[in-house]
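According to the numbering used here, the sequence shown is numbered sequentially starting from 4.
What follows is a single structure, written as structure tokens, with notes after it.
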Amino acid sequence: MDKNERRVSYKNNIFSTIILILILIVGLVYFFINLTSKKNDLTDILSLLSLILFTIIFCVIGINLNKRKKLFLIGGLFLTLFYCINLNNNFQIIPVATKVTDFTNMELGDALEWAQDHNVELEQEYEFSDMVEEYHVISQNIKNGTSLKDVKNITISISEGPNPSKEIVIPNMVTWDSERVISFVNENYLTNVNVEFVESSEKENTVIEQDKIGNVKRDEEINLTFSYGEEIGFDEVKLIDLKNKTKFEAMFYMKQNHLKYKFNDDYDEKIKKDLVKTQSKKPGEMVKINDEEITITLSKGPKIIVPDISKMSDTKLIDWIIQNKLKIKISEEYDDSIKKNSVIKANYKKGDVVSQGTTIEVVLSKGTLKMKSFDNIDEFKEWADKYNIKYEEQHKFSNSVPVGEVIEFSYKNGDIIKNNDVIIIKISDGKKIEVPNLKNLTKNQIIKKLKDLNLNYNFVYKSSNSVSEGKAISQSISSGSQVSSGTTITITISSGKVSSNSSSSSNNSSSNTSSNSSGSNNTSTSNPEDTPDACDGGPINVQAGDNANQTIAILKQLNPNHKFSFKTVNSCSNGDTTPGSICNLAGMDGTWKNYCDSIYVEIVN
Numbered sequence: 004m005d006k007n008e009r010r011v012s013y014k015n016n017i018f019s020t021i022i023l024i025l026i027l028i029v030g031l032v033y034f035f036i037n038l039t040s041k042k043n044d045l046t047d048i049l050s051l052l053s054l055i056l057f058t059i060i061f062c063v064i065g066i067n068l069n070k071r072k073k074l075f076l077i078g079g080l081f082l083t084l085f086y087c088i089n090l091n092n093n094f095q096i097i098p099v100a101t102k103v104t105d106f107t108n109m110e111l112g113d114a115l116e117w118a119q120d121h122n123v124e125l126e127q128e129y130e131f132s133d134m135v136e137e138y139h140v141i142s143q144n145i146k147n148g149t150s151l152k153d154v155k156n157i158t159i160s161i162s163e164g165p166n167p168s169k170e171i172v173i174p175n176m177v178t179w180d181s182e183r184v185i186s187f188v189n190e191n192y193l194t195n196v197n198v199e200f201v202e203s204s205e206k207e208n209t210v211i212e213q214d215k216i217g218n219v220k221r222d223e224e225i226n227l228t229f230s231y232g233e234e235i236g237f238d239e240v241k242l243i244d245l246k247n248k249t250k251f252e253a254m255f256y257m258k259q260n261h262l263k264y265k266f267n268d269d270y271d272e273k274i275k276k277d278l279v280k281t282q283s284k285k286p287g288e289m290v291k292i293n294d295e296e297i298t299i300t301l302s303k304g305p306k307i308i309v310p311d312i313s314k315m316s317d318t319k320l321i322d323w324i325i326q327n328k329l330k331i332k333i334s335e336e337y338d339d340s341i342k343k344n345s346v347i348k349a350n351y352k353k354g355d356v357v358s359q360g361t362t363i364e365v366v367l368s369k370g371t372l373k374m375k376s377f378d379n380i381d382e383f384k385e386w387a388d389k390y391n392i393k394y395e396e397q398h399k400f401s402n403s404v405p406v407g408e409v410i411e412f413s414y415k416n417g418d419i420i421k422n423n424d425v426i427i428i429k430i431s432d433g434k435k436i437e438v439p440n441l442k443n444l445t446k447n448q449i450i451k452k453l454k455d456l457n458l459n460y461n462f463v464y465k466s467s468n469s470v471s472e473g474k475a476i477s478q479s480i481s482s483g484s485q486v487s488s489g490t491t492i493t494i495t496i497s498s499g500k501v502s503s504n505s506s507s508s509s510n511n512s513s514s515n516t517s518s519n520s521s522g523s524n525n526t527s528t529s530n531p532e533d534t535p536d537a538c539d540g541g542p543i544n545v546q547a548g549d550n551a552n553q554t555i556a557i558l559k560q561l562n563p564n565h566k567f568s569f570k571t572v573n574s575c576s577n578g579d580t581t582p583g584s585i586c587n588l589a590g591m592d593g594t595w596k597n598y599c600d601s602i603y604v605e606i607v608n
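Below, the structure is given as structure tokens:
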């Protein structure tokens, strides 16, 4: 081999070695990512170790070979492709179209694991089924084969076993023997069948009467009367072993043999729930009829001691639920202090004892919540209420944002919202206008001035010895106050001097005319000379907005000195559901109210 050939060979070896080292690095990355990011059992860990050991040996041999290095490179490329495909399946680096699987008859744990792996929220509904085994899926609301692209949640129905209240057809069982009756009761899951044995000339151990035939619910009481023949024919009975028999079978045997009995229950690790665990008299023992009472203990299933659920992973929790034949109800909340998919709280704590069939309610963390963008305040409130986010409203003037609409939120789109954070919503009070001085002006002068400023007006009348008739005595919002466009100002007009024979109460009577245009919301303080006594009072001005918030703002702005107690309702008692409507102040516009009294107001939300 000449010098040039050796140089080419050397370069090829260097290139091949670099490629094999890169393949080894990819293998090591795959190994550590899977080892740390997944919940692996012993089998998974051994599989990962075997794979990485094979990769190391493969690359070391390839690096040290002088010949057939190209074959190792080809094999290494296939090995790298395997790693890349599996990494992509785990982390969806390159999106792959995934479809909804068929959950029918799948065990609940497997369905929940699939949902977690595919980042789909799986909502569970429990229903009874005679055909599908308990804790297995009956149906799903999203058809299997549907693309997961637009699927965020899937609802599955989980079997609770046979429905105890299902209606079935009860045939005429007269002349049936005891074995046939017991078989029918067990096969049809009847839970409330009573039997009695009476003297009769009919065949022994056959039904001679029944009180119900036709459509009957499984848990509805059914009474059957059996014949024991013309006489009992025995005075003592050799007990059989009742262990693992149903409650009905045990009851039937005791009545068939005229033995006294009672039932109680207890936990048992081996005996299935609702089957006989023990009897107070041993099998084979002779017992006199209608004499000593025999205690029959039914199994409650295993005694289940609740572990520390808060420290369990979601998959281990599901495994524990299924193994113990419990039910689970999962909800989710955002929580920045609890890792995603970890338990925030549960309805049972460590050490509690439960039995099979108990529903365990668990709240899982959805991790950190981020602020979204919203088209309007109602959309924001719906979102905030759903996730128990606190918020506070603040009002300010705006020349660009219409009254009642959101100027800004204290959190921007994408900002992280931590537990107990409060979002401030700044709501527009509309364009800022300075209220003019209206005192001693005539009604026409006032109307012109307020119209030019795009302010609304409302007039009330009151006797005055100091202000000429027809001129303004006072105004509800003092001059210089800043209000929004469309605000209504109530002006008190002098009706002339007080007559000597008039009572003070007549001087305080008032009437009004008002603008019907929409108002806005802002608070201001009246001039002290207009309200010489803090509780003196003044007319209440009533005007509704387009929604509850706007109406509240308008009422506060129109009546700055009055006190209000607001309540939002879905509809008024008269059936009015128009947003912003005032339910209980009809006909009160202009009515005189003391400033110190609280005015209760109901507004449609």
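Where a beta carbon is used, it is the ideal one built from N, C-alpha and C, also for glycine.
Query	Result
Cβ shell of T300 (< 6 Å), same chain only, five flanking positions each side left out	N267, D269, K280 and T281
Pairwise C-alpha distance: D214 and E295	30 Å
Enclosing alpha helix (DSSP H) for I555 [first to last residue]	A551 to L561
Proximal residues to D133 (C-beta, below 6 Å), its chain only, five neighbours per side dropped	P165
V103 vs T158 beta-carbon contact at 7 Å	no
Presumed contact (8 Å Cβ cut-off) between G433 and N550, rounded CB distance	Going by Cβ atoms, the distance from G433 to N550 rounds to 14 Å, so no, they are not a contact pair.
C-beta neighbour in chain B for V63, strict 7 Å	In summary, chain B is missing from the structure at hand, where a single protein chain is found.
With 16 other Cβ atoms within 10 Å as the buried cut-off, status of L82	buried
N- and C-terminal bounds of the beta strand (DSSP E) containing D269	Y264 to D269
Boundaries of the beta strand (DSSP E) in which Q359 is found, first to last residue	Here Q359 belongs to no beta strand (DSSP E), and DSSP marks it neither H nor E.
One or two residues paired with T300 in a DSSP bridge	N267 and T281
Straight-line Cα distance separating E472 from N525	Per-residue confidence for N525 stands at a pLDDT of 38, beneath the threshold of 50, marking its modelled position as unreliable; the derived number appears in the next sentence. C-alpha separation (whole angstroms): 31 Å.
At least three beta-carbon pairs within less than 8 Å, the segment 360 to 372 to the segment 328 to 337	yes
Where I145 sits in the DSSP three-state scheme	coil
Neighbour-count burial assignment, V425, 16 or more Cβ in a 10 Å radius	exposed
Nearest-angstrom Cα separation, counted from P310 out to N260	45 Å
CA-to-CA distance, L76 to L25, given in whole angstroms	11 Å
Alpha-carbon to alpha-carbon, S574 and K451	38 Å
Proximal residues to A547 (C-beta, below 7 Å), its chain only, five neighbours per side dropped	T554, G583, S584 and I585
As assigned by DSSP and simplified to three states, the class of G63	Correcting the residue identity first, residue 63 is Val in this sequence and not Gly. Three-state result, V63: helix.
For G217, the first and last residue of its enclosing beta strand (DSSP E)	G217 to K220
Simplified DSSP state of M315, which is helix, strand or coil	coil
Residues near L329 in its chain [Cβ-Cβ closer than 6 Å; skip 5 each side]	T361 and I363
Buried versus exposed call for M4 [16 or more other C-beta atoms within 10 Å across all chains shown]	At M4 the pLDDT is 48, less than 50, meaning the model places this residue with poor confidence; the figure from the coordinates comes in the next sentence. With fewer than 16 other Cβ atoms within 10 Å, it is exposed.
Local conformation of Y603 per DSSP, three classes	strand
Helix, strand or coil at L444 [DSSP, three-state]	coil
N226 versus K265 - alpha carbon distance	19 Å
DSSP-derived helix/strand/coil call for G78	helix
Sheet register partners of L227 (DSSP bridge)	V198 and Q213
CB of D3 within 7 Å of CB of N344, strictly	As displayed, the chain neither begins before 4 nor continues past 608, which places residue 3 out of reach and without an answer.
Under 7 Å between C-beta atoms of N564 and Y603	no
Pick from S230, Y192 and V409 that is closest to V219, judged by C-alpha positions	Y192
Per-residue burial, F567 [other beta carbons within 10 Å of its own, 16 or more giving buried]	exposed
Pairwise C-alpha distance: N189 and M176	15 Å
Residues that K435 bridges to, as DSSP identifies them	S487
Residue range of the alpha helix (DSSP H) that includes K250	K250 to Q259
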